[in-house]
Amino acid sequence: MTPELMEGRSAAPEGGAPPVGRLVDVSGRRLFVHTKGSGGPVVVILPGAGAIGLDYLNVFERIAEHSATVLYDRGGTGWSDAADLPRSAPEVVDELRALLEALGAAPPYLLVGHSLGGAFARHFAQRFPAEVAGLLLLDPAHEELDAHYPQEVRELFAQFVDAPIPDFPPEMLELWRGVFADKLQRWPEGVRGPLIARHVERWRAGFLEGQKTEALVYEPLRRAGGLPDFPLIVLSAMGIDASPTASLPEGMQRGVNGAKQAVNRLLAGSVPRGEERELDGATHVWMHIEREDSVVAALVDLLGRIRA
298 MTPELMEGRS AAPEGGAPPV GRLVDVSGRR LFVHTKGSGG PVVVILPGAG
348 AIGLDYLNVF ERIAEHSATV LYDRGGTGWS DAADLPRSAP EVVDELRALL
398 EALGAAPPYL LVGHSLGGAF ARHFAQRFPA EVAGLLLLDP AHEELDAHYP
448 QEVRELFAQF VDAPIPDFPP EMLELWRGVF ADKLQRWPEG VRGPLIARHV
498 ERWRAGFLEG QKTEALVYEP LRRAGGLPDF PLIVLSAMGI DASPTASLPE
548 GMQRGVNGAK QAVNRLLAGS VPRGEERELD GATHVWMHIE REDSVVAALV
598 DLLGRIRA
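Count along the sequence shown starting at 1, add 297, and that's the number in our numbering.
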């Protein structure tokens with residue numbers, strides 16, 4: 298991936314320009330993208346719901362030492378232009394594919410998907426198997442996870458499915474700002490400040506992206522069938538997350554992680570070259586920060602297998 302291949306039309310979005318990277322026009326919508334590195338396969342990072350591409354700057358910088366790397370914001374999130382949320386998996390995949398084409402980033406790709414981004418990465422591989430060299434999935438959203446939860450956990454989580462978006466008071470947003478400030482301590486200040494502010498400005502996007510996942514994300518995954526045979530690593534965060542799971546009794550917390558681990562093992566076992574790894578103490582939202590070395594090691598392992 299050369300600088301010439303990565304050029305694209307850029308302009309400042311509402312709320313100011315991104316601190317790094319640029320905006321690329323894709324079918325009339327400007328998408329934030331940041332690129333670095335050279336060589337193949339091109340590594341593409343797909344954030345989770347509520348995340349912004351630059352939340353993964355730590356992993357991006359390190360893996361760019363090994364291969365050309367792309368991180369971006371889906372339409373309606375981060376520094377990308379607005380989009381109607383939630384969106385379907387096919388729509389997100391088509392958007393990403395068009396972005397990569399606009400960048401001149403040739404396939405096949407090593408896709409890195411976190412949470413909801415993991416479901417989108419899987420769907421990309423289902424639809425365009427010849428364009429994917431491998432997958433790294435961080436606690437991916439999965440259509441069978443709910444069925445593996447204990448009954449009491451399913452009943453609890455059902456209360457949050459497509460629930461009305463809360464109207465957070467200013468003090469709650471300030472608390473949220475403090476959480477991001479703590480987790481992003483090692484980010485360059487020129488990135489950290491604008492990134493925290495962007496999270497607070499677009500906090501609704503995470504709630505909206507996570508709605509109607511059964512119809513918009515999981516049904517397309519079911520219809521598209523299994524994954525092709527390529528290197529796959531699934532990382533399972535085995536720590537205890539914040540609400541709603543933090544308030545659960547210990548036994549229910551173990552049930553949540555046990556269900557997640559079981560589904561991730563099934564996913565890894567669905568292809569001959571699949572592998573599941575547990576990250577003890579890592580939490581779902583922050584696993585790429587809390588266990589950065591493990592995430593980077595998995596990526597380096599996959600690059601080695603793909604290039605062998």
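All residues carry an ideal CB built from backbone N, CA and C; glycine is no exception.
Since we're looking at a predicted model, the values are computed, not measured.
Exposed or buried, residue 472, counting other C-beta atoms within 10 Å across all chains shown (16 or more means buried)?
-> Exposed, since its Cβ has fewer than 16 Cβ neighbours within 10 Å.
Reduced DSSP category for residue 588 - H, G, I as helix; E, B as strand; rest coil | Here residue 588 sits in coil by DSSP.
Once you ignore the five residues that flank residue 450 on each side, which residues in its own chain have a CB closer than 8 Å to its CB?
-> If we look at residue 450 and ignore the five residues flanking it on each side, its Cβ neighbours are 545, 549, 552, 553, 556.
Straight-line CA distance for residue 299 to residue 322?
-> Caution is warranted here: a pLDDT of 42 is assigned to residue 299, below 50, making its placement in the model unreliable, and no coordinate value can be reported.
Determine, using beta carbons only, whether residue 567 and residue 523 come nearer to each other than 8 Å.
-> Closer than 8 Å, so yes.
Can you tell me the Cβ-Cβ gap for residue 445 and residue 564, rounded? I've got them flagged as a contact below 8 Å.
-> In this structure residue 445 is not in contact with residue 564, their Cβ atoms being roughly 12 Å apart against a cut-off of 8 Å.
Just curious, the alpha helix (DSSP H) that residue 381 is in, first and last residue?
-> Premise fails: residue 381 is in no alpha helix (DSSP H) and is neither H nor E.
Coarse secondary structure for residue 366, derived from DSSP in three states = DSSP places residue 366 in strand when its eight states are reduced to three.
Report the three-state DSSP secondary structure of residue 478 (helix, strand or coil).
-> DSSP places residue 478 within a helical segment (H, G or I) once states are collapsed to three.
What residue from 601, 339, 483, 591 has the CA that sits closest to residue 251's CA?
-> Nothing about residue 251 can be read from this structure; the chain reaches only from 298 to 605.
What's the gap between the Cα of residue 605 and the Cα of residue 455?
-> It is roughly 45 Å from the alpha-carbon of residue 605 to the alpha-carbon of residue 455.
The beta strand (DSSP E) with residue 329 in it runs from where to where?
-> First-last of the beta strand (DSSP E) with residue 329: 326-333.
Determine, using beta carbons only, whether residue 502 and residue 413 come nearer to each other than 8 Å.
-> Contact flag unset, no.
Any beta-carbon of chain D closer than 8 Å to the one on residue 581?
-> Of the protein chains in this structure there is only one, and it is not chain D.
What residue does the beta strand (DSSP E) around residue 530 start on, and which one ends it?
-> From DSSP, the beta strand (DSSP E) with residue 530 extends over 529-534.
Report buried or exposed for residue 324, applying the criterion of at least 16 other Cβ atoms within 10 angstroms of its Cβ.
-> Exposed, since its Cβ has fewer than 16 Cβ neighbours within 10 Å.
How long is the line joining the alpha carbons of residue 589 and residue 343, rounded to whole angstroms?
-> Each residue's CA atom was taken as its position, placing residue 589 and residue 343 some 16 Å apart.
Among 365, 377, 340, the one whose alpha carbon lies nearest that of residue 314 | For residue 314, the nearest C-alpha among the options comes from 377.
Is the distance from the Cβ of residue 385 to the Cβ of residue 470 below 8 Å?
-> Not a contact, by the Cβ cut-off of 8 Å.
Compute the distance between the beta-carbons of residue 320 and residue 367, then report whether it is under 8 Å.
-> If you check the CB distance, residue 320 and residue 367 do not come in under 8 Å.
Nearest to residue 569 (by Cα), restricted to the options 381, 404, 529, 506 = When only C-alpha atoms are compared, the closest one is 529.
Among 374, 427, 394, 361, the one whose alpha carbon lies nearest that of residue 526 = Among 374, 427, 394, 361, the Cα nearest to that of residue 526 belongs to 427.
With a 10 Å radius around its C-beta and 16 neighbouring C-beta atoms as the bar for buried, classify residue 335 as buried or exposed.
-> Answer is exposed; the Cβ neighbour count stays below 16.
Those runs of the alpha helix (DSSP H) which lie wholly inside the stretch 542-572 and span at least 4 residues | As far as the stretch 542-572 is concerned, its whole alpha helix (DSSP H) runs of at least 4 residues are 547-565.
Note down, in chain order, each residue of its chain lying with its Cβ closer than 6 Å to the Cβ of residue 587, except the 5 sequence neighbours on either side.
-> These residues qualify, in order along the chain: 579.
Roughly how many angstroms separate the alpha carbons of residue 517 and residue 423, rounded to a whole number?
-> Roughly 10 Å separates the two Cα atoms.
Residue 373 - containing alpha helix (DSSP H), residue span | Careful: residue 373 lies outside any alpha helix (DSSP H) and carries neither H nor E.
Chain-order list of residues whose beta-carbon lies under 8 Å from that of residue 596 (same chain, five-residue window excluded) | Taking residue 596 as the centre and dropping the five residues before and after it, the same chain places the C-beta of 340, 356, 360, 363, 407, 409, 433 closer than 8 Å to its C-beta, in chain order.
For residue 515, which residues does DSSP report across the bridge?
-> For residue 515, DSSP assigns no beta-bridge partner whatsoever.
Note down the Cα distance separating residue 511 from residue 405, rounded to an integer number of angstroms.
-> C-alpha separation (whole angstroms): 29 Å.
Using a Cβ-Cβ cut-off of 7 Å (strictly less than) and excluding sequence neighbours within five positions of residue 603, which residues of its own chain qualify?
-> If you ignore the 5 residues before and after residue 603, its C-beta comes within less than 7 Å of the C-beta of 338, 407, 430, 431, 528, all in its own chain and listed in chain order.
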